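Visitor: Quick one: the structure is below, and I'll ask about it shortly.
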Amino acid sequence: MSSIAASAGQVVFTPKDNSYFYESFPCIPASSSGYTGIQFSVQGPAGGSLALELQTTTSCAQEGGAYKSSYNIVGDLTGRRQTVTLPLIGFDNEPNYDAVVGLVWAVFSQKGVQWSIGNITLLCEPGAAQPTVAPGPSTNSAARPTSQSSRTSVAVPTVTTQPGQCQNLLVDDWESQSRLTFLNYNALGQASSDDGSMASIVVSGHKVMLTPSNAESYFYSQFGCLNAQNKYGGISLRIRAARGTTFAVTLAWFEQCGSSNIKTATRTTAQLQWSFDGSERLYWFPLSVFQGIDVTKLDLIYFSSLSSSVIFGPISFYCGTSASEYVVPTVVTPPIPRQTVNTPVSNAKTFVIDAFANRDSNALGEWHGGDSAMSVTFGNNVATFRTNDSDLSWNTQLTNKCADMRTYAGAYLHVAYSGSNKFSIAMQQHNAQCNDKIAPYPETWDSLEAARYSSATDIYIPINHFNINLTRSIGFSFKGFYTQDPTSISRIEIVDKVPNGWIMPSKLPSGKLVFACTRPNSFALAIDDGDPKYAQKVMDIINQANVPVTFFTVGLPLLDPKNSLSKYYKDMAARGHQIALHSYTHPKMEGLPDQASIDWEINNDLGAARAVFGSNIATNYFRPPFGTEGARMRQRLAAQLGNNTHIVHWSVDVEDWLYAKSSTPSKQLDAFKRDLAKGGNLVVMHYLYQSTVDYLPEFIKLAKATGKRLMRVDQCMEDPNAPPLK
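Its first residue numbered 3, the sequence shown is counted upward by one per residue in my numbering.
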């Protein structure tokens, strides 16, 4: 928030992008307790809207586990303080109303203006079923028009299962936030974007919430010159929108495929006989309602003139004249191994690392602290952490040098906590010199999944489950938070035993996290994907310099024939350069909501690499997008790619993300020199910007001047399966 304060029973705030306000509470069996609705007061800009997220869990008996997010939209605000009443049954995504654990207000339609929320109440009065702003659900499959005289006639088909062999053609199932808003692709592999016109686009649970900035906001999804003739009769999607919401739907088509001559036809929601009441329903239209279109050369669907926020489910073409919807397949997630291990008593002396008595240091008198963007609140011998960014961490040190923890190899890390256990705990390893002025620092760490080792109140992890050099221990890092639920920690300590009856899981393989080359006198240029328009110049520079490099490539753009990336990379692979993995759609993978989402990224990335480079491509080198690392991601990579998987970070960062488009792009060169001086030998850079590409010859020249030999990442890691040095 830009500002927030409590006043007279209200919280008054000014939101920024991605701001939210939440209330968490002990699990409430709302439905069986007789509650029928949620009521609160709100004041926001006239015509504004917001989303209310209902957080539910599997059951109140399992409080503290993962929660499910369900949404409702409140729109058409009056500009004055008003009371909003929402029925419990009006939320999407099939929440468990008998295990409600939180409420979150978010997706505010206007930023930088004052809002207020207060008087939050669960209702059990019969009147709660009649909401003030967003009415309850309707079971009608299509809205009835009040008058036919001013509307385009639309045949109302019957919702059926698919006849014959034809199946719905999926346009987008909203599988991935990063696919949509980072790479701007839909499920067809075609362009999809708002071109920055929306206030926000949020993907969750195979739905997308579009919040317009103003009447000029729009969103489109392309088809790729699709021929729907004699096969697809129309388009269907589920929609949730507040009463009174209106927008326009445009279809575009080519005069000739591949040409720039495009024609359009537009229908409003009124003309389509669509009306909304706050519930989620299936809506559709036959292509024939867009009179004059050429269904053999369809280009895109375009949503515009949105009066308030909307939530869309999967969009698809349905077959023939009978409307049907695309149903997202159920994903069967492979079970995580549940083998247990013995828990012998250790001879090690127990000691407390942190009891949170001091904001600046732990119980050992050593530093503790974290990323400034993480919300950390200190109480009476407790600290509460909350973040919506899985890249942020909080650390507590054993020492500022190297601590030899070998005598504690048989002991256990104990964490007393409450709240969410959806995070990773890492034990960090110092470099060989135990010098934080030398790169890399830390040299590596191993991350374990807190939820696997926890009860509702305690976490016990065997020290020997952390796969690091214990003679160079630094401390512990709490990281990879993948829900916004708060975690409160009151004690971190080393203990000699676990409670009687404690079931300890086995250690899961987690690959190797590397920041630097291990081969003496080696240096590796590792280049991440960038803008395809710079690809040829990058290839020319590397070929002219005659140095082997490693390219970390994102899978989905490789499959796009329009950008020629696959051609460039196949040529570089043929010249002896290494091609490695960088995810399918470039999300912060540890921040994904579940194992199925992580597996989707890995499996599709593998599929794309093998489709382009052949089934024999070595795939055990992976660079996590944004460098975001955590236990779940590592466990799934090791399970899919093998325990010899290298999770590749860096010790030389050109900081193109910071300086390339600034007024001082030469600071990229300064950053390269700085990390070289620290002994860094493994690079991260992207060819996203002209200035970075222009500096690439100088980067190579500086690396050669160190006297180190430039090589691929697998070669600098002394991988026996890497090609021999030439």
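In this text, a Cβ means the ideal position worked out from N, Cα and C, and glycines have one as well. Predicted, not measured: the structure shown is a model, and the values here were computed from it.
Do you know offhand how far L284's Cα is from Y586's?
Guide: 30 Å
Visitor: Using 8 Å as the Cβ pair cut-off and three pairs as the minimum, do the stretch 573-584 and the stretch 707-719 touch?
Guide: yes
Visitor: Using the Cβ count rule (16 or more neighbours within 10 Å means buried), how would you classify L105?
Guide: buried
Visitor: For my contact list, A250 and T266 are in at a C-beta cut-off of 8 Å; report their separation, rounded to the angstrom.
Guide: A250 to T266, Cβ: 11 Å. No contact.
Visitor: In whole angstroms, what is the alpha-carbon distance linking Y272 and S307?
Guide: This sequence places Ala at residue 272; Tyr is not what is there. Rounded to whole angstroms, A272 to S307 spans 13 Å at the Cα level.
Visitor: Is DSSP giving Q12 helix, strand or coil here?
Guide: strand
Visitor: Are three or more beta carbon pairs between the stretch 501-515 and the stretch 535-552 nearer than 8 Å?
Guide: No: the two stretches stay apart, fewer than three of their Cβ pairs being nearer than 8 Å.
Visitor: Of all the options A365, F358, G367 and E368, which has the alpha carbon lying nearest to the alpha carbon of V378?
Guide: When each option's Cα is compared against that of V378, the closest is F358.
Visitor: What does the Cβ neighbour count give for T213, buried or exposed, with the cut at 16 atoms within 10 Å?
Guide: buried
Visitor: Hey, R361 and D487: beta-carbon distance below 9 Å or not?
Guide: no
Visitor: Looking only at its chain, what residues have a beta carbon closer than 8 Å to the beta carbon of E657, apart from the 5 residues adjacent to it on each side?
Guide: K669, Q670 and A673
Visitor: Are there 16 or more other CB atoms within 10 angstroms of the CB of T473, so buried, or fewer, so exposed?
Guide: exposed
Visitor: What does DSSP give as the partner residue(s) for S395 in the beta ladder?
Guide: K481
Visitor: Find out if the Cβ-Cβ distance for the pair S118, S290 is shorter than 9 Å.
Guide: no
Visitor: Hey, which unbroken runs of the beta strand (DSSP E) at 3 residues or more fall wholly within the stretch 640-702?
Guide: 648-650 and 685-688
Visitor: Please classify F27 as buried or exposed, where buried requires at least 16 other C-beta atoms within 10 Å of its C-beta.
Guide: It counts as exposed.
Visitor: Only counting the same chain, and skipping five residues up and downstream in sequence, which positions put a Cβ closer than 7 Å to that of S568?
Guide: L560 and V614
Visitor: Using the rule of at least 16 other Cβ atoms within 10 Å of the residue's Cβ for burial, across every protein chain shown, is Y55 buried or exposed?
Guide: Here the sequence assigns Glu to residue 55, which means Tyr is not the residue at that position. Label assigned to E55: buried.
Visitor: Which residue comes first and which comes last in the alpha helix (DSSP H) that contains T183?
Guide: Q179 to T183
Visitor: So the candidates are A418, T268 and Y410; which of them puts its Cα closest to the Cα of L400?
Guide: Y410
Visitor: Which residue comes first and which comes last in the alpha helix (DSSP H) that contains N605?
Guide: Q597 to F615
Visitor: From which residue to which residue does the beta strand (DSSP E) around Q84 run?
Guide: Q84 to P89
Visitor: Taking the alpha carbon of H370 as the reference point, which residue from H416, S281, I494 and S199 has its own alpha carbon closest?
Guide: With distances taken between Cα atoms, H370 lies closest to I494.
Visitor: Between which residues of its own chain and S152 is the CB-CB distance below 6 Å, once the five residues before and five after are set aside?
Guide: Bear in mind that a pLDDT of 26 at S152, under 50, signals an unreliable position, so the model cannot answer this.
Visitor: Taking the CB atoms as reference points, tell me whether R242 and P316 lie closer together than 9 Å.
Guide: no
Visitor: Find the nearest neighbour of K299 within the set V14, Q224, K209 and L450, judged by alpha-carbon distance.
Guide: Q224
Visitor: List in chain order: all unbroken beta strand (DSSP E) runs of 3+ residues lying wholly within the stretch 429-506.
Guide: Residue ranges of uninterrupted beta strand (DSSP E) with 3 or more members, entirely inside the stretch 429-506 and ordered along the chain, are 446-451, 460-464, 475-481 and 489-497.
Visitor: Would you mind sorting A53 into buried or exposed? The rule is 16 or more other CB atoms within 10 Å of its CB.
Guide: buried
Visitor: How far does the alpha helix (DSSP H) with L560 in it reach, from first residue to last?
Guide: G557 to L560
Visitor: Consult DSSP for T409 and reduce its assignment to one of helix, strand or coil.
Guide: helix
Visitor: Taking its Cβ as the centre, do 16 or more other Cβ atoms sit within 10 Å of P722, making it buried, or is it exposed?
Guide: Burial call: exposed.
Visitor: How big is the Cα-Cα spacing for F15 and S4?
Guide: The straight-line gap from Cα to Cα measures roughly 7 Å.
Visitor: Is the stretch 445-456 in contact with the stretch 418-428, if contact means three or more CB pairs nearer than 8 Å?
Guide: yes
Visitor: In or out: I496 buried (at least 16 other Cβ within 10 Å) or exposed?
Guide: buried
Visitor: Would you check if the stretch 593-603 and the stretch 621-641 touch, i.e. whether three or more CB-CB distances between them fall below 8 Å?
Guide: yes
Visitor: For the ligand HEM, is there a heavy atom less than 8 Å away from the beta-carbon of D373?
Guide: Absence of the ligand HEM is noted for the structure shown, with no ligands found whatsoever.
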